[in-house]
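Residue numbers (the working numbering): 5 to 259.
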């Protein structure tokens, strides 16, 4: 393949996905890690994509409503996600019964739970369950069902039935995109009902999202913003969006 053809394939792939990890790019274009890194540097210098740690993202924040891989998601705003997780930890008290939905920001929260005592945690995310399994006084319930390949989260009839019989005091969750008028959005139908059931069965719903979720677009509706009690987001959020959310009466914590 000629270099120009390879460059075009890379740009097309990044624009299609929005965000890609280095490993995703290597597999898609069938190139080595060294070549992938060099190509990203070259294309970034030409302003055809944006180089990020461990991968690349499209120059157009609204380029796609396709879902990036879990690895690609984990690369985006990682420091902001850690701040959000630390702030969310303050909402958790010893003895709480929680649901942790799947997602990279919620995974960061799970890594901090060893500082709490006698928690009961329900999750549909295998990565989160693996993070929590060795905490001695934590009761862990993993929701079974079909597994979303590459994301390690359960969904489908069995997962929905199991989760439908569980109530928790607090739900910590994230979504793929947020629109102040249109509400919470998902890239896929797979986990749509899991999120809806989690929202319905929690006394308090706390949304953890980095600021890029307000710049993303996704197809499937989860719920309106009235389904959220608290939004925790990085202080990188545009002031105009923050003001709009405040005027809507949303409890907004900028960290």
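Heads up, the beta-carbon is just placed ideally off N, CA and C, and yes, glycines get one too.
Reduced DSSP category for residue i - H, G, I as helix; E, B as strand; rest coil
| i | result |
| --- | --- |
| residue 218 | helix |
| residue 228 | coil |
| residue 67 | Only weak support is given to the placement of residue 67: the predicted model assigns it a pLDDT of 49, under 50, and the value that follows is read from those uncertain coordinates. Residue 67 falls in the coil class under three-state DSSP. |
| residue 182 | strand |
| residue 55 | strand |
| residue 114 | helix |
| residue 82 | helix |
| residue 119 | helix |
From the options, residue whose alpha carbon lies closest to that of residue i
| i | options | result |
| --- | --- | --- |
| residue 60 | 28, 179, 258 | 28 |
| residue 224 | 197, 167, 10 | 197 |
| residue 259 | 168, 252, 234, 253 | 234 |
| residue 53 | 11, 103, 170 | 11 |
| residue 185 | 34, 41, 38, 251 | 251 |
| residue 214 | 112, 147, 25, 64 | 112 |
| residue 173 | 191, 138, 95 | 95 |
N- and C-terminal bounds of the alpha helix (DSSP H) containing residue i
| i | result |
| --- | --- |
| residue 152 | Here residue 152 belongs to no alpha helix (DSSP H); instead the beta strand (DSSP E) covers 150–152. |
| residue 11 | 7–21 |
| residue 189 | Here residue 189 belongs to no alpha helix (DSSP H); instead the beta strand (DSSP E) covers 187–190. |
| residue 28 | 26–33 |
| residue 135 | 130–136 |
| residue 249 | 243–251 |
Range of the contiguous beta strand (DSSP E) that encloses residue i
| i | result |
| --- | --- |
| residue 176 | 172–177 |
| residue 158 | 157–159 |
Cβ distance (whole Å) where residue i is taken to contact residue j below 8 Å
| i | j | result |
| --- | --- | --- |
| residue 163 | residue 149 | 3 Å |
Sheet register partners of residue i (DSSP bridge)
| i | result |
| --- | --- |
| residue 236 | 212, 257 |
| residue 124 | 101, 143 |
| residue 43 | For residue 43, which the question treats as bridged, DSSP gives no partner whatsoever. |
| residue 199 | In the DSSP output, where bridge partners are listed per residue, residue 199 has none listed. |
Any non-hydrogen atom of the ligand HEM closer than 7 Å to residue i Cβ
| i | result |
| --- | --- |
| residue 103 | The ligand content of the structure shown is nil, which means the ligand HEM is not present either. |
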